[in-house]
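**Student:** With the numbering used here, letter number 63 in the sequence shown gets 606, and the count goes up by one each step, no holes.
Where a beta carbon is used, it is the ideal one built from N, C-alpha and C, also for glycine.
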Amino acid sequence: MSYLSGRHLQIGESSLKRNLWRLWRINFLLQSHSSKKNQMVSTALWALNELDYDLSPQLLNALYERKVSLPERRLSERIIKAPTPSEALRIATQNMQMLSGRDVTTCINTISKIAPNCLKDQTLSEDDYDNFDIILSLLPRVIPRLDAGGCVILFTSLSRLGVHLDDFEGALEAWNTRIPIVSNEMRAVDISKTLWAYALLKIIPSKGVLEAIATRGAAIAATFNSHDYVNSFWSLATFSHDLLSRPSSAPLSSSSAPSSSAASEAAAAMITTEDGSLEIVSSAAATGTTEQQKEEGKEQDDDNDDIEQQQLEVVEMIQIIRDFRDSLQRTCSDSVDSFGPQSVSRILWAFAKDDLAPKEILLETIFSRAKQLLLLHNNKDEDDINNNNNNNNSGNIQQQQGSIMITSGDIALLSWSIAKLRYAPDTVLMEGIIKCALSNAKNATMRDIRSMKWALPLLEKNTGISTEDVMELLEERAVELNDGQQQIPAAASPRTN
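(1) When you compare the CB positions of Leu704 and Pro659, do they come within less than 8 Å of one another, or not?
(2) Counting C-beta neighbours from all protein chains within 10 Å, is the total for Arg747 16 or more, i.e. buried, or is it exposed?
(3) Compare the C-alpha of Leu919 against each of Asp1012, Lys896, Ile949 and name the closest.
(4) What separation, rounded to the nearest whole angstrom, lies between the Cα atoms of Asn921 and Trp959?
(5) When burial is assigned at 16 or more other CB atoms within 10 Å of the CB, is Val706 buried or exposed?
(6) Which one of Leu779, Ala893, Ser680, Phe776 has the shortest CA to CA distance from Ile651?
(7) Output the distance between the C-alpha atoms of Asp961 and Thr649, rounded to the nearest integer angstrom.
(8) Cα-Cα, which of Trp997, Glu1003, Met989, Asp733 is closest to Asp1026?
(9) For Ser1009, count the other beta carbons within 10 Å of its own beta carbon; 16 or more makes it buried, fewer makes it exposed. Which is it?
(10) With distance defined between alpha-carbon atoms, name the residue in Glu859, Asn768, Ala1021 nearest to Ser886.
(11) What would DSSP say about Asp733, mapped onto helix, strand or coil?
(12) Using alpha carbons as the reference points, say which of Leu715, Asn727, Ser655 lies closest to Ser702.
(13) Pick helix, strand or coil for Thr1010, following the three-state DSSP scheme.
(14) Measure the alpha-carbon distance for Val824 versus Ser783 and round it to whole angstroms.
(15) Tell me where the alpha helix (DSSP H) around Glu620 begins and ends.
(16) When the Cα of Cys694 is compared with those of Ile756, Ile677, Ile634, Gln665, which residue comes out closest?
(17) Would the region 770-784 count as touching the region 850-858 if we require 3 or more Cβ pairs under 8 Å?
(18) By a C-beta neighbour count over all protein chains shown, 10 Å radius and 16 as the cutoff for buried, is Ile734 buried or exposed?
(19) Answer yes or no: do Leu956 and Leu981 have a C-beta to C-beta separation smaller than 8 Å?
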């Protein structure tokens, strides 16, 4: 009699423990040198597949040795070595019966690394698209089997490809169920990458997912590195901005980008209390609705109740975001003195994007570190700025060389963020910004120019320190970028992406 044959499927969940014993028995048969019929093992494997079991690497190896149902050893290894998305998809779809959750994740991750823009640029063949749809259709079954690491790899791979879970029936529900279960296994890098993937896809996490990730993140905040902080602060700012900018009638699960014109509508129904928490105010109080208008609008009561319930959920989610961000700020302030210019400028930018000032302790450490980095950068010889070879015998300077190469993008973000948050930098910081901007003006992009043309006049007004020389160089650079045409870009409005 075949082990785990089809008749066992009728027994139900109560037989799962016995099935695990039978799985061990299959391993034993394969490892032995007996001449047992391969048909017996194949039938048992079919039953395991029907029971939705993932086969272990050890079992797959044993199957390979006995040449049972597998053309090659370890599908994941073959998929990883595929030179093209077409080959990865071919290997996966030709072995559908033996495809495990790990294999599906490996296939998607491999494609995202080989050709992250293949879907956007439509570079796949028609057969490739069909095969990819087959692989992606497995997500609702794959996600419940993944551990924390597998979830992060899958989600970040999907985000690189621009694939939304809600495009596949049951996938988003499976994800929202799985993440709270595995969140306690997540490391700092897992949390930051998951938040980043959500923000990249312009999807706001469900309240349950956000709460689970925030709880875990706050518990291990001290283990975050500079990259984790940057990704997390940026993502949280994106969620907060999108929540406040989303029309009250729009579903929270929507993955479409919100309209900035809707910000006042969402914010109008919320107030910040003295302790910094958020509360919702009634529609009548917010709009001055009269009793007569209330009476005339009774037929819309149900719709209004739904909208108010959703607004309440938005308030709760924003509070979760702010509480998590507060936890990260406390530990980040202890680590800022080791951060490079890119991390410093992007952390401050994340707060400016949300128009929410960092806590004083974090702000002080960011400004202090910014002044150190600007001083190191500005004191270097011009030749050292243009290449990474310096003849300085100072070991400390050589060790920090990578972190003192401040780019035009870094200085544009830093100056824009300080202006957006309406701070007046002290003389040392302001002079450092100007000197660094002068040395970087010739490398500025059009976006950098727009940001600095908006920010520097405001900083000059707040500090009284002239930025005239920098503005002239920026205009010259703008003319150069426009091929000599006198089309100077206008100052950028505060950017949020």
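**Tutor:** In terms of the structure at hand:
(1) Walking along the sequence shown from the start, residue 704 turns up at place 161. Walking along the sequence shown from the start, residue 659 turns up at place 116. Less than 8 Å separates the beta-carbon of Leu704 from that of Pro659.
(2) Numbered from 1 along the sequence shown, position 204 holds the residue referred to as residue 747. For clarity, residue 747 is Ile in the given sequence; the question names Arg instead. Buried, because 16 or more other Cβ atoms sit within 10 Å of the Cβ of Ile747.
(3) The residue you call residue 919 lines up with position 376 of the sequence shown. Nearest C-alpha to Leu919: Ile949.
(4) Within the sequence shown, residue 921 is the residue found at index 378, counting from 1. Within the sequence shown, residue 959 is the residue found at index 416, counting from 1. Rounded to the nearest angstrom, the two C-alpha atoms are 19 Å apart.
(5) Position 163 of the sequence shown holds residue 706. Buried, since its Cβ has 16 or more Cβ neighbours within 10 Å.
(6) Taking the sequence shown and counting its residues from 1, one reaches residue 651 at position 108. Selected option, being the one with the closest Cα: Ser680.
(7) Counting from one through the sequence shown, the residue named residue 961 turns up at place 418. Counting from one through the sequence shown, the residue named residue 649 turns up at place 106. Checking the sequence, you will find Ile at residue 961 rather than Asp. In a straight line, the C-alpha of Ile961 is about 42 Å away from that of Thr649.
(8) What you label residue 1026 is simply residue 483 of the sequence shown in a count that begins at 1. Asp1026 has its Cα closest to that of Met989, out of Trp997, Glu1003, Met989, Asp733.
(9) Residue mapping note: residue 1009 aligns to position 466 of the sequence shown, counting from 1. Classification for Ser1009: exposed.
(10) For the purposes of this step, residue 886 is taken as residue 343 along the sequence shown, with counting starting at 1. Among Glu859, Asn768, Ala1021, the Cα nearest to that of Ser886 is on Asn768.
(11) The count along the sequence shown starts at 1 and reaches residue 733 at position 190. Reduced to three states, the DSSP call for Asp733 is helix.
(12) Taking the first residue of the sequence shown as 1, we reach residue 702 at position 159. Ranking the options by Cα distance to Ser702, first place goes to Ser655.
(13) Walking along the sequence shown from the start, residue 1010 turns up at place 467. Looking at Thr1010 - three-state DSSP - the assignment turns out to be coil, as it is neither helix nor strand.
(14) The residue you call residue 824 lines up with position 281 of the sequence shown. The residue you call residue 783 lines up with position 240 of the sequence shown. Legend: pLDDT at Val824 = 44, less than 50; position of this residue unreliable, no value from coordinates given.
(15) Counting from one through the sequence shown, the residue named residue 620 turns up at place 77. Start and end: 618-623.
(16) Position 151 of the sequence shown holds residue 694. For Cys694, the nearest C-alpha among the options comes from Ile756.
(17) The way I'd put it, the region 770-784 doesn't touch the region 850-858; fewer than three beta-carbon pairs between them come closer than 8 Å.
(18) Here residue 734 refers to the residue found at position 191 of the sequence shown. That one is buried.
(19) Here residue 956 refers to the residue found at position 413 when the sequence shown is read from its first residue. Here residue 981 refers to the residue found at position 438 when the sequence shown is read from its first residue. For Leu956 and Leu981, no; Cβs fall outside 8 Å.
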